[in-house]
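Q: Sharing a structure below in structure tokens format, with a few things to ask.
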Amino acid sequence: MNVGTTIIKCRHSVRKFKPAPVEENVIRDALECARSAPTAMNLQPWLFGLVKDRALLSRIADLTDHGKFISDAAVCFAIFGEKRAKYYLEDCCAATENLILALQSYGVGSCWVAGEKKGYAEEVRNLLGVPATYTLVSLVPAGYPADISLQKKKDTDEITFTDTYKAG
Ligand SMILES: Cc1cc2nc3c(=O)[nH]c(=O)nc-3n(C[C@H](O)[C@H](O)[C@H](O)COP(=O)(O)O)c2cc1C
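Residue numbers for the sequence shown, in the numbering used here: 1382 to 1549.
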């Protein structure tokens, strides 16, 4: 058994949270993992917001279309990308997944909530006072899970090929 891959395979989106706070050392370590992600030309074109204020969490939740559960999260990470970096989207997505997996390794559940392609991206940025040179890439509400639903995944053989692709 491999601890790293087990953590990855055990991750599921969590949208119902217990009221318990997430410990500071866990948040700090998760942020360290986020900033350890690979980035094109090592630009690290990101800014990580940490929202704990309950009124702010509710306001972010209200702005989203499919993130109303953000209001019940212990904390919500807001990942912003620096727009002038060509690959900010890929870089910030890598950081987002690192963050989510780090939280998972501590038993903290979370859910990736869409950012950049949503109409609320600018509203969230303004709400948090982030400069316009950045854009919201993702929101990651997190907390200890109160409920987890398991989604079916495609089989490995169905979605992989070796060397050249053969249809059917
Ligand atoms: C780019 C991206 C955007 C997502 N946006 C939302 C969202 O707005 N609201 C939500 O509830 N889940 C969102 N999700 C989570 C997906 O719904 C979830 O990952 C998918 O259903 C698979 O479930 P799993 O994470 O448990 O494997 C998003 C995931 C990704 C990668």
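Virtual Cβ for every residue (Gly too), placed ideally from N, Cα, C.
With the cut-off set at 8 Å, would you say residue 1448 and residue 1490 are in Cβ contact?
A: no
Q: Could you have a look at residue 1468 and say whether DSSP puts it in helix, strand or coil?
A: In the three-state reduction of the DSSP assignment, residue 1468 falls in the coil class, being assigned neither a helical nor a strand state.
Q: How about residue 1458 and residue 1521: do their beta carbons lie closer than 8 Å?
A: yes
Q: If you drop the 5 nearest sequence neighbours on each side, which residues of the same chain put their C-beta closer than 8 Å to that of residue 1421?
A: 1466, 1467, 1468, 1471 and 1472
Q: Roughly how many angstroms lie between the CA atoms of residue 1385 and residue 1534, to the nearest whole one?
A: 19 Å
Q: Can you say whether residue 1417 is buried or exposed, counting buried as having 16 or more other CB atoms within 10 angstroms of its CB?
A: exposed
Q: Buried or exposed: which applies to residue 1488, given that a residue is buried once 16 or more other Cβ atoms fall within 10 Å of its Cβ?
A: exposed
Q: Considering Cα atoms alone, identify which of 1530, 1527, 1546 and 1461 is closest to residue 1514.
A: 1461
Q: Looking at the structure shown, is residue 1502 part of a helix, part of a strand, or coil, going by DSSP?
A: helix
Q: Taking just the CA atoms, how far does residue 1548 sit from residue 1495?
A: 32 Å
Q: In chain order, which beta strand (DSSP E) runs of at least 3 residues are fully inside the region 1389-1434?
A: 1427-1432
Q: Can you tell me whether residue 1485 is buried or exposed, with buried defined as 16 or more other CB within 10 angstroms of its CB?
A: buried
Q: By DSSP, does residue 1457 sit in helix, in strand, or in coil?
A: strand
Q: Output the distance between the C-alpha atoms of residue 1407 and residue 1482, rounded to the nearest integer angstrom.
A: 12 Å
Q: Using 7 Å as the cut-off, classify the Cβ of residue 1527 as near or not near the heavy atoms of ligand 1, replying yes or no.
A: No, the Cβ of residue 1527 stays beyond 7 Å of every heavy atom of ligand 1.
Q: Considering only the beta carbon of each residue, do residue 1511 and residue 1428 sit closer than 8 Å?
A: Yes, Cβ-Cβ distance for residue 1511 and residue 1428 is below 8 Å.
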